[in-house]
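Engineer:
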Amino acid sequence: MATHSVDRADDRAADHPVDHAVVADPPPLPCAHFDAGRCRSCTLLPVPTLRRLDDMQSEIAALLDPHAASHTDVHAASPTDPHAAGPADSHAASPTDPHAAGPAYWQSPAYWQPPVRSPEAGFRNKAKMVAGGTAEAPTLGLVDVEGHGIDLSDCPLYPPAIHAALAALPALIRRAQVSPYDVARRRGELKHVLITASPDGELMVRFVLRTARPAPRLQEHIALLTDPVAANGFQVRVVTANIQPEHAAVLEGPDEIHLHGDEALTVRQGRIPLRVRPQSFLQTNTHVASQLYEQVASWVDDCAPAEAAAAEALAATQRDSPFVVWDLFCGVGGFALHCAKPIGDASRKVLGVEVSEQAIDSATRTAQDLGLDVEFTTADAALFATGDEDGGAARDGHAHRPDLLIVNPPRRGLGRDLAAWVEGSRVRDVIYSSCNPTTLAHDLQTMSSYRITAARLLDMFPHTAHAEVVVRLRRG
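Reminder that position 169 of the sequence shown reads as 318 in this note's numbering, one-by-one numbering, no gaps.
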């Protein structure tokens with residue numbers, strides 16, 4: 150197996166520091182379900198991690214390189230020398246020998262920074278389990294083509310807190326007599342169980358039901374879940390029932406019934422304890438998401454290097470012209486909160502925009518708790534930016550135009566209208582985080598005035614062909 154010499158670029162790496170040593174690819178993650186052919190969700194499980202990252206970065210670079218600045222421009226705008234210190238990445242290997250067999254980023258243009266690697270196991274903070282079997286013998290995992298339940302409660306992707314919940318849930322389902330939904334017969338109640346875990350071992354558990362009828366029984370016997378989980382050193386903070394009556398491939402419905410505990414789960418990603426409500430979006434890999442937020446915050450700081458002087462000038466002249474950051478598709482505020490300044494610092498103004506009222510409420514409360522000067526508003530991000538319909542009304546109260554945009558759209562990308570608005574705007578800097586490099590490249594074709602000055606691959610979805618990529622763009 151090929152090995153790679155490693156240079157630790159940042160001594161701040163805290164979790165699992167990488168010594169100056171020769172590091173080999175870790176062995177493939179053992180999984181009895183994959184070996185037996187019961188589950189193939191981790192499509193690239195047998196592929197060595199460094200080779201997989203190498204292949205992904207090569208493919209993504211082929212899409213993005215046409216939109217990159219020249220090497221001279223890259224170094225002038227953002228030093229991305231792979232040997233320079235950067236945001237802490239405890240898993241990223243940094244080969245110093247350019248002739249050594251290693252990831253393709255060492256042969257890629259200089260704007261590519263070292264990938265952020267994920268732990269091999271226990272990294273996934275969410276479990277989306279299909280209910281199968283019967284009320285007496287339920288399974289949580291998958292249902293095969295013949296309708297048989299396949300239990301995946303011991304999946305190695307999940308941390309111990311989720312495993313503790315999965316071990317306790319069958320007893321609750323049996324006692325509450327909640328029949329798993331039979332797709333072929335269109336009978337039964339329990340469709341999915343959705344679990345979210347915080348790094349502190351606190352959990353949110355959601356039962357996706359066809360009707361609300363089983364909810365009181367689940368609530369009555371909830372101790373069959375909470376007590377065993379607590380005995381293992383973890384805590385169930387939130388339990389809800391989501392009602393999804395449709396016979397369709399839809400994960401959840403609009404209605405949520407609170408059964409136990411708090412309204413939200415606190416999940417620390419990076420420096421920020423994010424408040425996550427039952428239907429809120431959360432990055433599924435806490436380790437990698439933390440590095441993503443810190444990377445973007447660092448780039449924002451780079452784009453506003455003279456903020457201290459600007460703050461003094463504002464205080465002296467009473468002018469209201471801070472460095473303005475818009476975070477579109479902000480969710481529960483991961484990017485915006487990491488980029489915000491404390492209340493009283495006039496040098497930067499951050500605004501987060503998100504269509505979900507629940508997410509905006511959570512983000513606003515987090516900002517208040519932390520004393521951060523950031524504002525959140527509920528609106529469709531594209532309509533808010535372009536000024537169309539209700540989005541334009543929401544924007545009327547925000548006189549400041551952005552100096553920098555952060556965008557983190559869904560897989561479909563920004564779309565033609567929003568990408569065209571960005572292209573026609575006077576915004577100098579854009580930071581684009583994408584879970585779909587193909588739609589990112591398509592949006593960059595529309596945003597032709599912008600060039601990539603830095604990019605980073607983040608292994609958000611290990612053992613698969615999917616990844617997060619974040620790029621820093623500057624108007625040419």
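In this text, a Cβ means the ideal position worked out from N, Cα and C, and glycines have one as well.
If you're wondering where the values come from, they're calculated on a predicted model, not measured in any experiment.
#1: Would Gly382 be called buried (16 or more neighbouring beta carbons within 10 Å of its own) or exposed?
#2: Provide the residue(s) that pair with Phe356 in DSSP beta bridges, ordered along the chain.
#3: Counting along the chain, where does the alpha helix (DSSP H) carrying Pro377 start and finish?
#4: Got a sec? Which residues, its chain only, sit under 6 Å from Arg201 by beta carbon, not counting five neighbours each side?
#5: Spatial neighbours of His341 within its chain, please: CB distance less than 7 Å, with the 5 preceding and 5 following residues excluded, ordered by chain position.
#6: Quick check: Asp578 and Arg550, are their CB atoms within less than 8 Å of each other?
#7: Keeping to the same chain, check which residues put their C-beta closer than 8 Å to that of Ile421; ignore five residues upstream and five downstream.
#8: By the DSSP assignment, the beta strand (DSSP E) with Ile555 in it spans what residues?
#9: What residue does the beta strand (DSSP E) around Leu607 start on, and which one ends it?
#10: Considering only their Cβ atoms, is the gap separating Ala569 from Leu213 smaller than 8 Å?
#11: Alpha carbon to alpha carbon, what distance is there between Pro611 and Gln432?
#12: Bridge partners of Asn434, per DSSP?
#13: Helix, strand or coil: how does DSSP classify Pro491 here?
#14: Taking Gly504 as the reference, give the member of Pro309, Phe525, Gln262 with the closest Cα.
#15: Should Pro195 be labelled buried (16 or more other beta-carbon atoms within 10 Å of its own) or exposed?
#16: Three or more C-beta pairs under 8 Å: does that hold for the stretch 295-303 against the stretch 364-376?
#17: Check Arg560 in the structure and name its three-state DSSP category.
#18: Threshold first: 4 residues or longer. Then list the alpha helix (DSSP H) segments lying entirely within the stretch 301-326, N to C.
#19: Measuring only the C-alpha atoms, how far is Ser598 from Pro558?
#20: Sorted by chain position, which residues of the same chain lie with C-beta nearer than 7 Å to Gln507's C-beta, five sequence neighbours on each side aside?
#21: Would you mind reading off the limits of the alpha helix (DSSP H) that contains Ser511?
#22: Can you list, in chain order, the residues of its chain with a C-beta nearer than 6 Å to that of Ser582? Leave out the 5 residues immediately preceding and following it.
#23: Excluding the 5 residues flanking Thr513 on each side, which residues of the same chain have their C-beta closer than 7 Å to its C-beta?
#24: Roughly how far, in whole angstroms, is the beta-carbon of Thr595 from the beta-carbon of Arg565, given that I think they are within contact range, below 8 Å?
#25: Please say whether Val449 and Val474 have beta carbons closer to each other than 8 Å?
#26: Taking the C-alpha atoms as reference points, what is the distance between Glu295 and Arg334?
#27: Going by CA-CA distance only, name the one from Gln418, Arg424, Gly419, Gly402 that's closest to Glu412.
#28: Less than 8 Å between the C-beta atoms of Val378 and Ala314, yes or no?
#29: Could you give the distance in angstroms between the alpha-carbon of Ile344 and the alpha-carbon of Gly625?
#30: Can you tell me the Cβ-Cβ gap for Thr435 and Pro309, rounded? I've got them flagged as a contact below 8 Å.
#31: Would you list the residues sitting across from His409 in a DSSP beta bridge?
#32: Have a look at Ile311 and Pro215 and give me their C-alpha separation to the nearest angstrom.
#33: In chain order, what residues of the same chain have a beta carbon less than 8 Å from the beta carbon of Asp331, not counting five sequence neighbours either side?
#34: With a threshold of 16 other CB atoms inside 10 Å of the CB of Glu617, please say whether the residue is buried or exposed.
#35: Go to Ala207, then tell me how far its beta strand (DSSP E) extends in each direction, as first and last residue.
#36: Consult DSSP for Val619 and reduce its assignment to one of helix, strand or coil.
Structural biologist: In this structure, then:
#1: With fewer than 16 Cβ atoms within 10 Å of its Cβ, Gly382 is classed as exposed.
#2: The secondary-structure analysis by DSSP pairs Phe356 across a beta bridge with Val342, Ala390.
#3: Counted as a single uninterrupted DSSP element, the alpha helix (DSSP H) harbouring Pro377 occupies residues 372-380.
#4: Counting only Cβ-Cβ distances below 6 Å, and skipping sequence neighbours, we find Leu193.
#5: Answer for His341: Lys277, Met278, Val279, Ala280, Val357, Leu400, listed in chain order.
#6: No, the pair does not count as a contact, with Cβ atoms beyond the cut-off.
#7: Closer than 8 Å at Cβ, skipping near neighbours: Tyr442, Gly482, Gly483, Leu486, His487, Thr515, Leu519.
#8: From DSSP, the beta strand (DSSP E) with Ile555 extends over 553-556.
#9: From DSSP, the beta strand (DSSP E) with Leu607 extends over 599-607.
#10: Not in contact: Leu213 and Ala569 (Cβ atoms no closer than 8 Å).
#11: Approximately 13 Å between the Cα atoms of the pair.
#12: The beta-bridge partner set that DSSP reports for Asn434 consists of Arg273.
#13: Taken through DSSP and simplified to helix, strand or coil, Pro491 comes out as strand.
#14: The sequence given here has Val at residue 504, not Gly. Out of Pro309, Phe525, Gln262, Phe525 has the C-alpha closest to the C-alpha of Val504.
#15: Residue environment: Pro195 is assigned as exposed (fewer than 16 neighbouring CB atoms within 10 Å of its CB, all protein chains considered).
#16: Short answer: they don't touch.
#17: In the structure shown, Arg560 adopts coil according to DSSP, grouped into three states.
#18: If we require 4 residues or more, the alpha helix (DSSP H) runs fully inside the stretch 301-326 come out as 309-325.
#19: So the two alpha carbons sit approximately 20 Å from each other.
#20: If we look at Gln507 and ignore the five residues flanking it on each side, its Cβ neighbours are Arg426, Gln428, Ser429.
#21: Membership of Ser511 in the alpha helix (DSSP H) is indicated by the continuous run 506-519.
#22: Taken in chain order, the residues that qualify are Asn557, Val619.
#23: Correct list, in chain order: Phe525.
#24: Right, the Cβ-Cβ distance comes to about 7 Å (below 8 Å), so this counts as a contact.
#25: A distance below 8 Å separates the beta carbons of Val474 and Val449.
#26: Those two C-alpha atoms are separated by around 12 Å.
#27: The option with the nearest alpha carbon to Glu412 is Arg424.
#28: For Val378 and Ala314, yes; Cβs fall inside 8 Å.
#29: Looking at the backbone, the Cα of Ile344 and that of Gly625 are separated by about 45 Å.
#30: Not really, about 14 Å apart at Cβ, beyond 8 Å.
#31: Under the DSSP definition of a beta bridge, His409 partners with Val388.
#32: One C-alpha to the other measures close to 43 Å.
#33: Cβ neighbours of Asp331 within its own chain (closer than 8 Å, five residues either side excluded): Gly296, Gly337.
#34: The residue in question, Glu617, is buried, as its Cβ has 16 or more Cβ neighbours within 10 Å.
#35: Sequence check: residue 207 is Ser here, not Ala. Ser207 -> not in any beta strand (DSSP E); alpha helix (DSSP H) instead, spanning 198-213.
#36: In the three-state scheme derived from DSSP, where H, G and I count as helix and E and B as strand, Val619 is classed as strand.
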